[in-house]
Amino acid sequence: MKLYEFQAKEILNRNGIKTPKGIVAYSPEEAEEIAEELGVPVFVKAQVLVGGRGLKGGVKFAGSPEETREVATQIFSTTINQHRVNCVLVEEKVQAEAEYFAGITIDYQNKCPLVMASSRGGVDIEHIASKYPDEVTMEEIVTTSGLTNFQSRRIAKTVGLKGRSILLFGSILQSLYTVLIDYDAILVEINPLVITNSGSFTAVDAKIILDENASFRHQKLFSELSATNMVPTEGSGFRRALAHETGIPTYVEMAGNIGIISDGAGTGMLTLDLTKDFGGEVGVYCELGGRVTEKLIEEAIRIVLSNKNVHVLLVNLFGGLNRMDEMAHGITSFLEEQTRSEVTDRSEIVVRMSGTFEEEGRAILEGACVDSFDNIYDAIEKAVKLARRD
Amino acid sequence: MCILVDEDTRVIVQGITGSVGSFQTKVMLDYGTKVVAGVTPGKGGEAVHGIPVYDLVEEAVEENGGDTAILFVPGPFASDAALEAIEAGVRLIVVTAEGVPTLDVMRMMKTATDRGVSIIGPDTAGLISPGKSKVGVHPHKLFSEGSIGVVSKSGALSYEVSKALSDAGIGQSTVLGIGGGPMWGLTQIDAIEQFEVDSETQGVVLLGEIGGAMEVEAAEYIRENITKPVVALIVGRYAPEGERMGHAGAIIEYGRGTAKEKIKALESAGVHVVRGPRDIPPYIKEVL
């Protein structure tokens, strides 16, 4: 779960990292009041969960409270990579002597946390790393011993810091590591981390991503944070959010008219690939994972078909853990519900079913007059043919 | 022969009294897997399908001599269960759970490495050596005994391909699911290395997908070390960038981890790469 900048800064603050004075505003008028209170000049920064807001007009400078209102009005009316701006952070301007990068992420290959630091802060770390690979320091953290103090100081030294700054930068890395562990974060990043003329470090921008798999350890935090999230009320964003809320692990919309539901990532992607190879266009990719209940598949069908671009639904199930008799019941109860509510504009449903209890599943579908295939290619060919007809 | 598990493998099922654990234990027993004990904290003394249940893994191992553990334990509790199995002295642990917290996976993997224990998973279907043993959730009717080794990130994709092989009269030595990532215990390279050494395995099927660089590393390894024929299928050729396609590790980020780059690396290492399951049996018949 990605946090907004202001939320990330609150967490850093609580862990001893200095951030610019700033307050969140939900309207241009509020932004103006905050600018008066903080004193100008200020930065007005769109709070969105996508990168690249600076280039899209999401960060603006204001020299007076009136100007703050004006730029806030502009920001509230823009969308940044399709994300509406719900609130802005009005923040004092910090005089920077130099800009650094400090972050801890997960090195999935080596299965340990990885510290990244650079004296070239202010731009995307991917960009720094590709353009100036020698100027990014990376150090693995041994999971069992954690980030040691000396290691933090060594990293500070490697990025070119001297004297007291070595200790200050080192303690910032320590705080970042504490946040990573205490909050189950998978990314904690300060960019830029500026050093001011007084020699202290301030986190001017911050990014935190929390591990959703660990939400059970942070239930209060997660419910607080998700309450602030903007959930779209219509369209593909709404369907995606609804799928997520229903417990569907993966829901991705594309441009075509065939909806795919699978109970495995590998077979789901295979179905997508082969459908395209056979000349079909996929509109929804929905993957349910290996613990699918009758209810979940029924809900998944409902959500996928609520996308009106989808005219053909291709359900490809290959059960190991999932039982095909249960899956078949889920499919038939969706169809019964359609009959009950007298839905006339029905989409075509093509089912492929193999694996655990496949005979039972197939018999249930047969009873409800749904044809099912045993071979994936036959099912895909059928779905593509149906999709081309309309 | 086969790799990792065979008819002598003695299996302990952690989470045996849950609905999935109990059902899958029955299926494994029916298949002939030597399930020797089960563990569910607080349910010691009970029995599931005639298999004794213990509170602690160490008790189960001490009294029954298990060497392999399979975990039907939810993500939040999986790493603790794995650490318990490591402590009890098993050599191989199959972690089926999805959604194990990142920090937990890192700790579990580090401990396993330090203690010389192999972990398969997390988020895996496990493994099957057809006709000998199944330590996993595979629909085993579709598998048949033979000489093709299969290693796959996805469980269901390995079923799909094994079915295509079996339907064409080609059996499998071992079919191993390594899991959906983004962190893995055993890797594709580990499996391929063992298939190369295994005298019965004559060819290898590598089933990969978008995300990360494991297939590219495997390609490099195959080029340098593998003499047996390898055929590969990489799924996610049409996956949009930036979308996680169902496995935590299956995502193209910053233009990296695409199917295209993996296919290119494998082909340049002499691996035959196909577009779908039905293209695999003809190739194997041609080269063997």
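Going down the list, the protein sequences come from chains A and B. The numbering used here numbers the first residue of the first sequence as 8 and each following residue consecutively. The numbering used here numbers the first residue of the second sequence as 7 and each following residue consecutively. Beta carbons: idealized from backbone N, C-alpha and C, even for Gly.
Within chain A, the residues whose beta carbon sits less than 9 Å from that of P246 of chain B are V259, M261 and Y292, listed in sequence order. For the pair of segments examined, the region 228-238 of chain B was found not to touch the region 176-193 of chain B: the number of CB pairs separated by less than 8 Å stays below three.
Under the DSSP assignment, Y165 of chain B falls in the alpha helix (DSSP H) whose first and last residues are G161 to D173. If you check the CB distance, I258 of chain B and A224 of chain B do not come in under 8 Å.
Note: S379 of chain A is bridge-paired with A:V358 in the DSSP secondary-structure output.
The DSSP assignment places complete beta strand (DSSP E) segments of no fewer than 3 residues inside the region 36-114 of chain B at 40-45, 57-60, 74-77 and 98-101, in order along the chain. If one requires a minimum length of 3 residues, the beta strand (DSSP E) runs lying completely within the region 57-89 of chain A are 66-69, in chain order. In the DSSP assignment, M123 of chain A falls within the beta strand (DSSP E) that extends over C119 to S125.
Per DSSP, the continuous beta strand (DSSP E) segment holding A210 of chain A begins and ends at F208 to A210. G142 of chain B and L328 of chain A have their C-alpha atoms spaced approximately 9 Å apart. Here E147 of chain A is actually not in contact with L183 of chain A; their C-beta atoms are around 15 Å apart, not less than 8 Å. Three or more beta-carbon pairs drawn from the region 193-202 of chain A and the region 129-141 of chain A are found closer than 8 Å, and the two stretches are therefore classed as touching. By the beta-carbon neighbour count (other beta carbons within 10 angstroms, threshold 16), T363 of chain A is buried.
A distance of 8 Å or more separates the beta carbons of N323 of chain A and I265 of chain A. Assignment of K9 of chain A by DSSP, reduced to helix, strand and coil, places it in the strand class. For M145 of chain A, the enclosing beta strand (DSSP E) covers residues V143 to E147. Taking the Cα of R246 of chain A as reference, the smallest distance to any Cα among A:E294, A:L194 and A:N314 is reached at A:N314.
For S160 of chain B, the closest C-alpha among the options A:S379, A:D352 and A:M276 is that of A:M276. Using a Cβ-Cβ cut-off of 8 Å, L213 of chain B counts as an interface residue toward chain A, since at least one Cβ of chain A sits closer than that to its own. The residue from A:Q181, A:T85, A:V97 and A:Q14 with its alpha-carbon nearest to that of E43 of chain A is A:V97.
Rounded to the nearest whole angstrom, the C-alpha separation of F78 of chain B and T23 of chain B is 9 Å. Around I310 of chain A, the same chain offers R246, L249, A250, T253, I255, Y258 and C293 as residues with beta carbons nearer than 8 Å, after the five sequence neighbours per side are excluded.
Within the region 359-390 of chain A, those residues whose Cβ lies closer than 8 Å to any Cβ of chain B are, in chain order, S361, G362, T363, E365, I383 and Y384. When DSSP states are grouped into helix, strand and coil, S179 of chain B belongs to the strand group. Taking 8 Å as the cut-off, the beta carbon of L272 of chain B is found closer than this to the beta carbon of E221 of chain B. Proximity of D270 of chain A to chain B, defined by a Cβ-Cβ separation below 8 Å, is satisfied. Look at V391 of chain A here: in three-state DSSP terms it is helix.
Cβ contact annotation for I356 of chain A (same chain, cutoff 6 Å, sequence separation greater than five): L320, in chain order. Chain-ordered listing is empty here: chain A has no CB closer than 9 Å to the CB of G48 of chain B, the nearest sitting near 20 Å. Sequence-ordered contacts of the region 220-250 of chain A with chain B read N220, A221 and F223 [C-beta pairs closer than 7 Å].
Non-local beta-carbon contacts of G44 of chain B in its own chain, meaning distances under 6 Å to residues more than five positions away in sequence, involve V19, I22, V54, I57 and V59 in chain order. Here G296 of chain A is buried. Its C-beta has 16 or more other C-beta atoms within 10 Å. Here T282 of chain A carries a helix assignment [DSSP, helix/strand/coil]. Taking 8 Å as the Cβ-Cβ cut-off, the region 145-156 of chain B approaches chain A at P145 and L148, given in chain order.
Taking the Cα positions, A192 of chain A is about 41 Å away from E69 of chain B.
Taking all protein chains shown into account, V123 of chain B has 16 or more neighbouring C-beta atoms within 10 Å of its C-beta and is therefore buried.
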